[in-house]
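The sequence shown begins at 28 in the numbering used here and counts up by one. Just so it is clear, CB atoms sit at the ideal spot from N, CA and C, and this is done for glycine as well. This structure is a prediction, so every number in the text was calculated from the model and none was measured. Data first, discussion second: the structure below is written as structure tokens.
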Amino acid sequence: QGLDVGAAKASLEERQGIPHHVMDLVPPTVEYSYEQFLRDARSATEHILAKGLVPIVVGGTGMYMRWFMQNRAGITSHPFEDEDLTGEFDARAEDDWDYDFQ
């Protein structure tokens with residue numbers, strides 16, 4: 028909420044009445060974890076599919092989008108406290124960091 032310009036979010040006019048989901052859920056002062064994002068994104072996707080429609084997944088950070096598409100459930104709220112995940116970040120930093128975290 029409130030990050031319309033900084034997030035390059037489509038304006039109401041640009042959305043032209045097309046429903047957008049998992050947008051403007053919390054203000055920037057509220058902590059919002061990856062687990063919460065995954066739960067909200069999966070719920071929205073299931074809701075859209077239940078209507079017989081096809082969800083179009085766009086926006087967000089590259090990392091969150093990849094984790095959503097790969098169904099990376101079970102990642103801690105604070106991924107840098109997870110030693111396995113931290114090791115994965117370290118390995119990717121030496122390999123193709125720009126692709127994975129753009």
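Can the beta-carbon of residue i be found less than 9 Å from the beta-carbon of residue j?
{"i": "Val49", "j": "Ala71", "result": "yes"}
Figure out for me which residue from the options has the closest Cα to the Cα of residue i.
{"i": "Ile25", "options": "Asp117, Leu80, Gly87 and Met92", "result": "Nothing can be reported for residue 25, as the shown portion of the chain is limited to 28 through 129."}
{"i": "Phe64", "options": "Met96, Lys36, Ile75 and Arg42", "result": "Met96"}
{"i": "Ala37", "options": "Val85, Thr56 and Arg93", "result": "Val85"}
{"i": "Arg99", "options": "His74, Arg69, Gly114 and Thr56", "result": "Arg69"}
{"i": "Ile75", "options": "Asp117, Glu115, Glu121 and His47", "result": "His47"}
{"i": "Gly87", "options": "Glu115, Asp51 and Leu39", "result": "Asp51"}
{"i": "Tyr91", "options": "Glu73, Arg66 and Gly114", "result": "Arg66"}
Give every residue of the same chain whose Cβ lies closer than 6 Å to the Cβ of residue i, excluding the five residues on either side of it in the sequence, and list them in chain order.
{"i": "Ser104", "result": "Its pLDDT being 49, under 50, Ser104 is placed unreliably in this model, and the value from its coordinates should be taken loosely. Here the set comprises Ser60 and Glu62."}
Tell me whether residue i sits in a helix, a strand or coil according to DSSP, three-state version.
{"i": "Thr88", "result": "coil"}
{"i": "Glu58", "result": "coil"}
{"i": "Ile45", "result": "coil"}
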